[in-house]
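>
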Amino acid sequence: MNFRTYLLRRTLHLVPVLLGLSVLIFVISRVIPGDPVRLALGTEATEEQVRQLREQTGLDRPLVVQYVAYVAGVLRGDFGYSLRTHRNVTKDVLEFFPATLELTTVAMALAVVLGVPLGILAAVRKDRGADHLSRVLALIGVALPRFWLAILLQLAFAYHLRLLPTIGRGPAPPTRITGLYVVDGLLGFDPAAAWISLKHLAMPAFALSVGTLAQVMRLIRAGMIEEMRRDYALAAQSYGLPPNLIIYKYLLKNAFTATLTILGLSYGFLLGNAFLVETVFAWPGLAFYGVDALRFKDFNGVIAVTLVIGAAYAVVNLITDILYGYFDPRIRYE
Amino acid sequence: MRSWRGLTFTLAAMAAVALAATPALVQSQPREVPFTHIETQIITAIDPQAAVDESSLHSAINLYDPLIYPNVEEGSMNPRPHIAESWQISPDGRTYTFKIRRGVKFHSGRELTADDVAWSMDRMLRLKRGFSWVFAPVLDLGATQVVDPYTVRMRLKEAYAPFLGALELFFIMDKNLIMANLRPGPFGEFGDYGASFLERQDAGSGPFRMERWDRATEMVMVRFPDYWRGWKEGKITRVFYKTVTEEATVKTLLIAGQADMVPQWLSAQSFQELKQTPGIVVKEDPTVQLFHLQMNTKKPPLNNVKLRQAISYAFDYDKALQQIFLGGTKARGPVPVRTPGWAPNVPLYSRNLTKARELMAEAGVQPGQVTLEYVWVTALPLERLIGLLLQSNLQEIGIKVEIVGEPWANVVARATKPETTPHITAIFDTLKYPHVDSHTYGMYHPTCWGTFRCMSYYENPEVSRVLEAARRVVDTKEQMRLYQEAQVMIARDAPSIYVANPLHRIAFRNYVKGYRYVGLLGFDVNFWDYTIER
Amino acid sequence: MSEVLAVPGHARAARGQEWRKMWFRFTRSPLSVAGLSIVVVLILAAVLAPVLAPYPRHAGVFVDFDRGLQPPSARNWLGTDDAGRDILSRIIFGARISLTLGVVVLAIAVGLGVPLGLIAGYWGGRVGDWIMRITDVFLAVPPIALALAVTAALRPTLTNAMIAIAFAWWPWYTRLVYGQVLSLKEQQFVEASRSLGASRWRIAFREILPNAWSPIIVKLTLDMGFVILTGSGLSFLGLGAQPPTPEWGTMIAEGRTYLPGVWWAATFPGLAIFVAVLGFNLLGDGLRDVFDVEIEQWRAAN
C-alpha cells in the first residue's frame with residue numbers, strides 16, 4: 048500500500064484503542080470507594096448539601112449515562128470538574144501537562160544525544176575496553192530504580208554540592224507561549240531565565256533518561272554491528288571509502304530505524320517513570336497532579352491524566368510507526 | 010565648543026536635579042523586603058470563606074481582615090477589636106451589635122462598610138464551606154443587618170457561648186468588587202459568587218494583595234500600602250509563599266538561607282537538627298493542640314468500653330512523648346491542658362499492663378482474638394511511629410494492630426460513616442475556635458458525626474445534655490463547670506487514647522523578629538506582624 | 116527446543132544432552148553467571164532470612180526509639196531507621212517480600228496472558244481479534260500508570276498492589292505468545308500433527324506451546340526485575356506495602372524524610388532493589404543468549 052493509506056490506517060487505529068482505554072479507566076475510577084462529593088464540600092457538610100452537589104455534578108446517574116456524558120464532554124475538550132482543585136480539569140491539564148512534556152522530551156533527547164554516540168563507540172570498538180564499559184553502563188542504567196537515582200542525585204548535587212536546585216521547576220519565564228520554560232525563555236530573548244529552567248531540568252531529566260539511554264546505547268550498538276557485517280558495508284570498506292563516512296551515512300541510518308520502534312516503547316516507560324521522578328523532585332507536571340488526584344480519589348482528575356498519558360503514548364507510537372514505515376517500506380505490507 | 014558646553018551644562022543640571030530628587034524617591038518607595046515562607050501543603054482554597062486548613066488560613070489572614078482578631082499582642086486567643094471597633098451583647102445573649110471601624114480600605118480603594126460585613130456573612134452562609142458550620146446553627150440568612158454604614162447587628166437564633174470567638178474566623182470581603190465580577194454559577198443571582206475571580210485576585214482589605222498565584226507551587230503577595238494598620242520600616246513588602254512537600258528540601262532551603270521560615274509540620278528530629286544550626290531560630294510553644302488516637306465506639310469490638318479502657322492502659326505515653334514527640338505535655342483528657350475550662354480532675358490513663366490485662370478479661374476478650382486497624386495520615390511520619398509503638402504495646406496484651414497509611418483526604422472521606430471509619434485513627438486536633446466548646450461539643454456531641462473530629466461516634470445522652478446546657482448558659486462560671494463535668498464523663502468512657510498536647514515548633518532565620526504564637530491555627534503567620542532586622 | 120521424534124527414549128537422551136550443552140554455553144559468559152549468582156543469593160536470603168538476619172525481630176513488630184537513626188556501625192552494619200530497627204535485617208527480609216511479589220504477579224500474568232495469547236494466535240477469528248483488541252487497550256498506557264489507577268481504587272496493601280500490577284502486566288504475555296504462535300503455526304511439525312489427526316487443543320497446548328516457552332522464560336526472568344521495580348515504586352508512593360512490612364520501596368519512602376543528614380535509611384534499600392533488578396536482568400540476558408543460539412540451530416535443522 049502507499050504511504051498515505053498506511054498513515055490513515057495507523058491513525059484510525061488510535062480511536063478504538065483510546066475509546067477502550069476510556070471505558071476501562073472510567074469503570075475503574077467509579078469503582079473507587081470513598082465519596083469525592085463529601086470531600087469537596089468539606090467535613091461538616093450536611094446530607095442535603097451532599098445530595099445537591101451529587102445531583103449537580105451528575106454523580107447520581109447510572110454509570111453508562113455518566114460515561115456517555117463524559118465522552119461527549121471530552122470530545123468538546125471538557126474533562127469535567129475537579130472536586131479537588133475546584134475548577135475544570137481541562138484547565139488543570141493544560142496547566143500541568145507542559146511541565147511533563149518538557150521533562151519527558153528533554154529526557155528522551157538526552158537519551159538519544161548521549162546514547163547514540165556511546166552506542167557507535169561501543170560498536171566501533173567492539174570487544175575492547177570501551178565496549179565492555181558501555182555494556183556495564185547499559186546494564187546499570189536499565190536496572191537502576193529511577194526514583195532511587197533521583198534521590199541520590201538530589202543528595203549529591205543539591206544538598207551536598209549545592210550546584211543544582213533541589214526541587215521544582217523554578218520561576219516561569221516572563222513570556223508564556225508554549226508553557227515549556229526553556230523554550231519560552233529563549234523565545235523571549237531571556238537567556239538567564241532559560242538557564243535557570245535548564246538547571247532545574249538537569250537532574251529530573253537525567254534521572255528519567257537513564258533507562259532509555261541504556262537501551263538506545265545497546266540497540267545502536269547491536270544494530271550497527273549487524274550492519275557492519277553486511278555485504279554493502281564490507282564492499283564500501285574495500286572500495287576505500289573513509290570509515291567515518293561509512294559509519295554516519297550508511298550504518299547509522301539503518302541502525303537508527305531499528306531504534307525508532309524502541310523509542311516509542313521507551314516513551315511509555317518514560318511517562319510511567321515520570322510519576323516517581325516528578326514526586327521526588329516535586330516537578331509540577333501531569334504525573335505529579337495524577338498522584339495527588341489518585342490520593343484524593345478525584346475521579347475526573349484520574350481519568351483525565353490516564354487518558355492524556357495514554358493519548359500521548361499512542362501518538363508517540365503512531366509517529367514512530369509512521370517514521371518506521373517511511374524509512375522501511377517493507378513494514379507497510381504487513 | 011559651544012555644543013559641548015551646552016551638553017555638559019544640561020547633563021550637570023540633570024544630575025543635580027536627580028541628586029536632589031533621590032532622597033524624595035527613596036522615601037516614597039520603601040526598601041524591598043522580600044520574605045520566603047515554605048509550607049508543606051498546597052493552598053487548597055483561595056476563598057477565605059472556604060478556608061479550613063492551615064495554608065488556606067494563611068492566605069485568608071494576610072489578604073483579608075476578620076471582624077475580630079485574637080489578642081496576639083497579649084499572647085492570648087481571646088477576642089479583641091479589629092474591623093469591629095467595639096461591640097455590645099444583649100442580656101439574653103442573642104443580639105450582637107458591632108461598630109465598624111472607619112477608614113479601612115479595600116485593595117480596590119473603596120472603604121469597608123457595614124454593608125460589606127452583612128453581605129460577607131450571608132455569603133459565608135450560602136457558600137456552606139469553610140467555617141460556615143460554626144455559624145449556620147445560630148445565624149440565618151439575613152439575620153445580619155445593616156443598621157447604619159458603620160453599625161452591624163447580628164441576631165442569633167439562640168444564645169451561643171463560642172460566638173464571639175468564632176468571629177475571628179469570619180473574614181470580610183469586598184462586596185462591590187465581587188458583585189462586579191460574577192460568572193455564571195450555582196448560586197442563582199450570585200452566579201459563582203466570585204470563585205473564578207478569586208483565582209486571580211483577592212477581594213480583601215488585608216495587609217497584602219495577591220500578586221500571583223501558581224496553584225501548584227507558590228503564591229506571591231505584595232504589600233498593600235494603604236492598609237489601615239499602617240506600615241513601618243523593616244516590615245515585609247513581598248511574600249513568596251511556596252509549597253514544598255519534601256521535608257529534606259524544606260530543611261535545606263532554610264539552612265541555605267533560601268527560605269526565611271518553615272512550617273510546623275516537620276518531624277521532631279528535623280527541628281532538633283535545625284536547633285543546632287547557626288543562624289536559625291527554632292521557637293517552641295506549648296499549644297492547645299490535642300494529638301489523640303480516636304477509637305470508633307460504633308465498630309466492634311471497640312464498642313466495649315472496658316476494652317477501650319484496657320487499650321488506654323496499654324499505651325506507652327511516656328515513650329511517645331519523650332522519644333517521638335521529643336517534648337510537649339502529656340494530654341489529660343480531651344481538652345488541651347492550657348485551655349480555659351480544662352478539668353483538673355479529669356481521669357488519667359497511664360501505662361499499666363496489669364490493669365490493661367484485667368480490663369481486657371473483664372471485657373471478655375481473649376488474647377489473639379482481636380485485630381484492629383490503625384490509620385495514620387501519610388503526610389505526617391510521626392503518626393507512623395506512633396502506630397508502630399501502639400502495635401508493639403498492644404502485642405503485649407495480645408491484640409493485633411494493622412497499620413494503614415492514608416492520605417488526609419481519604420481519612421476525611423472514611424470519617425463520614427461509622428462503617429468506613431477505622432478502628433483507630435491518629436488525629437492532630439487544633440482548637441477551631443477559641444473556646445473549650447470546640448474540644449467537647451465539637452467532638453463528642455452527635456451533631457458532629459461524619460467529620461474527622463468525631464471519628465469516635467461517641468454517644469452519651471447524659472454528656473450531650475450537659476454540653477447543650479453549657480452552650481446556652483450565659484454565666485461564665487456555670488458554663489465552665491458544666492464543660493468540666495462533661496470532660497470527666499467523656500474521659501471515663503475512653504473514646505480516644507489521649508496522647509499529647511504537643512509542642513508547636515516553627516523555625517525561621519534569626520533576622521525575623523516579631524513572631525508570636527497564640528495557639529489559633531494560622532494566626533501566627535500574619536506576615537504583617539514580622540520585622541526583618543539584618 | 117527438541118524436535119518432535121517418534122522414539123521417546125531417544126528424545127529424552129537427546130533432550131538431556133541439549134540441557135548440558137546450554138549450561139556449558141551459559142557458563143561461558145561471566146555476566147550471566149554473575150546474574151545467576153545474584154538471583155541465587157536473593158532466593159537464599161529470602162528463604163533463610165530468619166537465620167541470616169542479625170536482628171530478625173526487627174523485620175516485624177518491633178520498636179526501639181532510643182536507637183533510632185543510628186549511622187552504620189559495628190552493631191548495625193547498615194545503620195538503623197527511625198524506629199530503631201536494623202536496616203540490614205529488614206533488607207534481608209525484604210527479599211522475601213520482593214520475590215513473593217514477583218512470583219505472584221507473574222504467575223497471574225502468565226496464567227492469564229499465555230492462554231489468551233495462544234487462543235488468539237491459534238484459533239484466531241473473531242474471538243482472537245477481540246482478545247487482541249482488548250490487549251491493545253491495556254497496552255495503551257504505561258503499566259505503572261494502570262497499576263496506579265487500580266491501586267487507587269483498592270485499599271493500599273501489598274496484596275492489592277500485586278493484583279494491580281498483574282492487571283497491568285498480563286497483556287505483554289498475550290502479545291508475546293500471540294506473535295510466537297503466529298510464526299510457529301506454519302511450521303512443518305504442526306502440519307505433521309494435523310495430518311495425523313491431532314485435535315486443535317492438543318496441537319495448541321502440546322506442540323506449539325512447548326516450543327514457545329523459551330522467549331516466555333526469558334521474558335519472565337527479565338520481568339521479575341521490572342515487577343520488583345514497579346512494586347517498590349508503588350510502595351514508595353505509599354500505595355503498596357504498609358508498615359511494618361520491610362518492603363524496599365516503603366523503606367526508601369520512610370527514610371527519605373531524614374535526608375540529607377541521615378542518608379543510610381533511604382540509600383541501602385535502593386541499592387538492594389538495584390542489585391535484584393540487575394541480577395534478574397543479567398540472568399535473563401544470559402538465558403536469551405543461550406536460547407537464541409538454540410533457536411537458530413533448530414531453525415537451521417528444520
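Residue numbers (my numbering), protein chains in the order written: chain G, 48 to 381; chain Y, 10 to 543; chain L, 116 to 417.
Even glycine gets a Cβ: it sits at the ideal position worked out from N, Cα and C.
Between the stretch 237 to 259 of chain Y and chain G, which residues of the former have CB atoms less than 9 angstroms from a CB of the latter, in chain order?
If the cut-off is 9 angstroms between Cβ atoms, the stretch 237 to 259 of chain Y has Lys251, Thr252, Val253, Thr254, Glu255, Ala257 and Thr258 near chain G.
> Does any CB atom of chain L fall closer than 8 angstroms to the CB of Phe194 (chain G)?
True, the Cβ-Cβ gap to chain L drops below 8 angstroms.
> Counting only Cβ-Cβ distances shorter than 8 angstroms, please list the residues of the stretch 341 to 360 of chain L near chain Y, keeping chain order.
The residues in question are Gly353, Gln357, Pro358 and Pro359.
> On the DSSP letters alone, give me the boundaries of the beta strand (DSSP E) that Asn510 (chain Y) sits inside.
Ser505 to Asn510 is the span of the beta strand (DSSP E), which, as asked, contains Asn510 (chain Y).
> Kindly give me the distance between the Cβ atoms of Ile343 (chain L) and Leu227 (chain L), rounded to whole angstroms, as I take these residues to be in contact under 8 angstroms.
Actually they do not touch by this definition, with Cβ atoms about 20 angstroms apart.
> Does the beta carbon of Pro431 (chain Y) come closer than 8 angstroms to any beta carbon on chain L?
Taking Cβ atoms only, chain L never reaches closer than 8 angstroms to Pro431 (chain Y), which makes this a no.
> Under 8 angstroms, CB to CB, which of the residues in the stretch 394 to 406 of chain Y have a partner in chain L?
Those residues of the stretch 394 to 406 of chain Y that come within reach of chain L (Cβ to Cβ, closer than 8 angstroms) are Leu394, Gly396, Leu397, Leu398, Gln400, Ser401 and Gln404.
> How is the alpha helix (DSSP H) around Gly217 (chain L) delimited, first residue to last?
Taken as a continuous stretch (DSSP letters only), the alpha helix (DSSP H) holding Gly217 (chain L) covers Ile202 to Tyr237.
> When you compare the stretch 307 to 324 of chain G with the stretch 187 to 199 of chain G, are there three or more beta-carbon pairs, one atom per stretch, that lie closer than 8 angstroms?
Because the criterion of three Cβ pairs below 8 angstroms is met, the stretch 307 to 324 of chain G and the stretch 187 to 199 of chain G touch.
> May I ask you to list, following chain order, the residues of the stretch 204 to 215 of chain G that have a beta carbon less than 8 angstroms from some beta carbon of chain Y?
From the stretch 204 to 215 of chain G, only Ala205, Tyr206, Arg209, Thr213, Ile214 and Gly215 have a Cβ closer than 8 angstroms to chain Y.
> What is the DSSP secondary structure of Lys426 (chain Y), reduced to helix, strand or coil?
Three-state result, Lys426 (chain Y): coil.
> So is Trp134 (chain L) buried or exposed if we call it buried at 16+ other beta carbons inside 10 Å?
So Trp134 (chain L) ends up on the exposed side.
> Whole angstroms is fine: what's the gap from Leu211 (chain G)'s alpha carbon to Ile243 (chain G)'s?
Between Leu211 (chain G) and Ile243 (chain G), the C-alpha separation is close to 10 angstroms.
> Under 8 angstroms between C-beta atoms, does Ala413 (chain Y) make it to chain L?
Per the sequence shown, residue 413 (chain Y) should be read as Val rather than Ala. For Val413 (chain Y), the answer is yes, since a Cβ of chain L falls inside 8 angstroms of its Cβ.
> Would you check if there are 3 or more beta carbon pairs closer than 8 angstroms linking the stretch 319 to 338 of chain Y to the stretch 394 to 410 of chain Y?
Taking 8 angstroms as the limit for Cβ pairs, the verdict is that the stretch 394 to 410 of chain Y does touch the stretch 319 to 338 of chain Y.
> Are the C-beta of Val229 (chain L) and some C-beta of chain G separated by less than 8 angstroms?
Not one chain G Cβ lies under 8 angstroms of Val229 (chain L).
> State the DSSP-derived secondary structure class of His448 (chain Y), mapped to helix, strand or coil.
Helix at His448 (chain Y).
> Starting from the N-terminal side, write out each stretch of the alpha helix (DSSP H) that is 4 residues or longer and does not extend beyond the stretch 221 to 273 of chain Y.
If we require 4 residues or more, the alpha helix (DSSP H) runs fully inside the stretch 221 to 273 of chain Y come out as 256 to 264.
> Please determine, among Y:Ile436, Y:Gly414 and Y:Pro356, the residue with the shortest C-alpha to C-alpha distance to Glu494 (chain Y).
Checked all of Y:Ile436, Y:Gly414 and Y:Pro356; the closest Cα to Glu494 (chain Y) is Y:Pro356.
> Given a cut-off of 8 angstroms on the beta-carbon distance, is the pair Leu335 (chain L) and Leu186 (chain G) in contact?
No, the Cβ-Cβ distance between Leu335 (chain L) and Leu186 (chain G) is not below 8 angstroms.
> For His46 (chain Y), report the span of its beta strand (DSSP E) as first-last.
Element bounds for His46 (chain Y): Pro43 to Glu48.
> How would you call Phe107 (chain Y), buried or exposed, if buried means at least 16 neighbouring beta carbons within 10 angstroms?
Flag for Phe107 (chain Y) reads buried.
> Can you tell me where the beta strand (DSSP E) holding Ile406 (chain Y) begins and where it ends?
Run containing Ile406 (chain Y): none; DSSP gives neither H nor E here.
> Determine the direct distance from the alpha carbon of Tyr520 (chain Y) to that of Tyr539 (chain Y), and round the result to whole angstroms.
The alpha-carbon atoms of Tyr539 (chain Y) and Tyr520 (chain Y) are separated by roughly 10 angstroms.
> Should Leu311 (chain L) go down as buried or exposed, given a rule of 16 or more other Cβ atoms within 10 Å for buried?
It counts as exposed.
> Closer than 7 angstroms, Cβ to any Cβ of chain Y: which residues of the stretch 311 to 340 of chain G, in chain order?
From the stretch 311 to 340 of chain G, only Ala329 and Pro331 have a Cβ closer than 7 angstroms to chain Y.
> Can you give me, in chain order, the residues of the stretch 242 to 266 of chain G that have a beta carbon less than 7 angstroms from any beta carbon in chain Y?
Listed by position, the residues of the stretch 242 to 266 of chain G near chain Y (Cβ gap below 7 angstroms) amount to none.
> State yes or no: is the beta carbon of Val162 (chain L) nearer than 8 angstroms to at least one beta carbon in chain Y?
Not one chain Y Cβ lies under 8 angstroms of Val162 (chain L).
> What separation, rounded to the nearest whole angstrom, lies between the Cα atoms of Ala268 (chain L) and Phe172 (chain Y)?
When rounded, the distance between both Cα atoms is 41 angstroms.
> Hey, is Tyr450 (chain Y)'s beta-carbon within less than 8 angstroms of any beta-carbon in chain G?
No, its Cβ sits nowhere closer than 8 angstroms to a Cβ of chain G.
> Does the stretch 512 to 527 of chain Y come within contact of the stretch 283 to 294 of chain Y, defined as at least 3 CB pairs closer than 8 angstroms?
Verdict: yes, contact present.
> Measuring alpha carbon to alpha carbon, tell me which of Y:Leu275, Y:Asp211 and Y:Pro443 ends up nearest Arg89 (chain Y).
The shortest C-alpha separation from Arg89 (chain Y) is found at Y:Pro443.
> Determine the extent of the beta strand (DSSP E) in which Lys292 (chain Y) is found, giving its start and end residues.
Lys292 (chain Y) -> beta strand (DSSP E) spans Ile289 to Pro295.
> On the premise that Phe217 (chain Y) lies in contact with Arg232 (chain Y), defined as a C-beta separation below 8 angstroms, what is that separation, rounded to the nearest angstrom?
That pair is a contact at about 6 angstroms.
> Between which two residues does the beta strand (DSSP E) containing His301 (chain Y) stretch?
Element bounds for His301 (chain Y): Gln298 to Met304.
> For chain Y, find out if any of its Cβ atoms is closer than 8 angstroms to the Cβ of Asp197 (chain L); answer yes or no.
Yes - at least one Cβ of chain Y is within 8 angstroms of the one on Asp197 (chain L).
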